[in-house]
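Student:
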Amino acid sequence: NAGVTQTPKFQVLKTGQSMTLQCAQDMNHEYMSWYRQDPGMGLRLIHYSVGAGITDQGEVPNGYNVSRSTTEDFPLRLLSAAPSQTSVYFCASSYEGPFYNEQFFGPGTRLTVL
Amino acid sequence: SQQGEEDPQALSIQEGENATMNCSYKTSINNLQWYRQNSGRGLVHLILIRSNEREKHSGRLRVTLDTSKKSSSLLITASRAADTAPYFCATAPDNTDKLIFGTGTRLQVFP
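Keeping their order, the protein sequence lines are chains A and B. Residues in the first sequence are numbered consecutively from 1, following the numbering used here. Residues in the second sequence are numbered consecutively from 1001, following the numbering used here.
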């Protein structure tokens, strides 16, 4: 199993550009989530999904959109990038969600917005 | 705001010593989880302790949970240089599907 994969590993955007960060898992996990990590800080939850077709907001959802059309994929969209979105983004998944299970994390995407 | 606050923010010890990190949180929880952040590989799960458990062990790791004080501690015994990493606690609050992370403790183990 590849586990949780994220693409790209690095990305530089200009203010106002849009892009999609990809996340995929091959473990048949129902629960997937996106976090951002800023320097010297912990992870903050952006959006999460408890299954295909279901998404919900986390702690810092503004400026980000998600959708979950399949169990395997959970893309994160930045519609109009801002310098405040410069961060490292992590995707995670688990079988039933943090209420029951530990999370498996991807290696992260380092995003810089100029 | 983040659910957990960790103490200390940074910890430096010699190989062979024990490392203790503490985590405090704000609301009632279903469980508390500890993670280590490996360079270039995201976070790796260490231990999950449920709200009805008081102590849990895994190898050189010992986690305690005191729900009355809303706090947890992670003890790494006989530390090694390879244990050097940031460590995070994360809580699964009751009645939510969220996992909320603390600010982390940066552990440095000197050979």
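Note that beta-carbon positions come from the ideal geometry of N, C-alpha and C, so glycine has one too. Keep in mind that this is a model prediction, so the values were computed, not measured.
Would H1045/B count as contacting chain A if we go by Cβ distances under 8 Å?
Tutor: Interface residue, yes.
Student: So, does the CB of S83/A fall closer than 8 Å to a CB anywhere in chain B?
Tutor: The sequence given here places Pro at residue 83/A; Ser does not occur at that position. With 8 Å as the cut-off, P83/A does not count as an interface residue toward chain B.
Student: Rounded to whole angstroms, what's the CA-CA distance from L79/A to K14/A? Just pull it up for me.
Tutor: Taking the straight line from one Cα to the other gives about 12 Å.
Student: Taking just the CA atoms, how far does G53/A sit from M19/A?
Tutor: Going by the C-alpha atoms only, they are around 21 Å apart.
Student: Quick one: is N62/A buried, meaning 16 or more other Cβ sit within 10 Å of its Cβ, or exposed?
Tutor: Per the 10 Å Cβ criterion, exposed.
Student: If we require 3 or more residues per run, which beta strand (DSSP E) segments fall completely within the stretch 53-104 of chain A?
Tutor: Taking only runs of at least 3 residues, the beta strand (DSSP E) segments lying wholly in the stretch 53-104 of chain A are 54-57, 64-66, 76-78 and 87-94.
Student: When the cut-off is 8 Å and only beta carbons count, does V66/A lie next to chain B?
Tutor: Not closer than 8 Å to any Cβ of chain B, the Cβ of V66/A fails to qualify, so no.
Student: C23/A and P98/A: beta carbons closer than 8 Å?
Tutor: No, the Cβ-Cβ distance between C23/A and P98/A is not below 8 Å.
Student: Provide the residue span of the beta strand (DSSP E) that contains M41/A, from first to last.
Tutor: Neither: M41/A is in no beta strand (DSSP E) and is coded neither H nor E.
Student: Could you give the first and the last residue of the continuous beta strand (DSSP E) run that contains A1090/B?
Tutor: Unbroken beta strand (DSSP E) run through A1090/B: A1085 to P1093.
Student: For V50/A versus D1097/B, is the C-beta distance shorter than 8 Å?
Tutor: Yes, the Cβ-Cβ distance between V50/A and D1097/B is below 8 Å.
Student: Comparing C-alpha positions only, which one of S1028/B, A1010/B, L1099/B and R1036/B sits nearest to S1071/B?
Tutor: Ranking the options by Cα distance to S1071/B, first place goes to S1028/B.
Student: State the Cα-Cα distance for the pair T1064/B and L114/A, rounded to the nearest angstrom.
Tutor: Computed Cα separation, rounded: 44 Å.
Student: Report the three-state DSSP secondary structure of A2/A (helix, strand or coil).
Tutor: Here A2/A sits in coil by DSSP.
Student: Give the interface partners of V50/A over in chain B, defined as CB-CB distance under 8 Å, in chain order.
Tutor: Here the neighbours are D1097.
Student: Cα-Cα, which of L1048/B, Q1033/B, N1030/B and Y1087/B is closest to V1109/B?
Tutor: Cα-wise, what sits closest to V1109/B is Y1087/B.
Student: Just to check my reading of the structure: E1055/B and R1062/B have Cβ atoms closer than 8 Å, yes? What is that Cβ distance to the nearest angstrom?
Tutor: Going by Cβ atoms, the distance from E1055/B to R1062/B rounds to 7 Å, so yes, they are a contact pair.
Student: State the Cα-Cα distance for the pair S1001/B and Q17/A, rounded to the nearest angstrom.
Tutor: Its pLDDT being 49, under 50, S1001/B is placed unreliably by the model, and nothing is read from it.
Student: Can P8/A and T109/A be called in contact, C-beta distance under 8 Å?
Tutor: Yes, Cβ-Cβ distance for P8/A and T109/A is below 8 Å.
Student: Quick check on DSSP: helix, strand or coil for W1081/B?
Tutor: What sits at residue 1081/B in the sequence shown is Ala, not Trp. In the structure shown, A1081/B sits in a helix (DSSP, three-state: H, G or I).
Student: Go through its chain and collect everything with a Cβ distance to T86/A's Cβ below 6 Å, but skip five positions before and after it.
Tutor: Within the same chain, T86/A has close Cβ partners T112 and V113.
Student: Hey, could you find the ends of the beta strand (DSSP E) M27/A is sitting in?
Tutor: Neither: M27/A is in no beta strand (DSSP E) and is coded neither H nor E.
Student: Are the beta-carbon atoms belonging to G1016/B and S1068/B less than 8 Å from one another?
Tutor: No, these two residues do not count as a Cβ contact at 8 Å.
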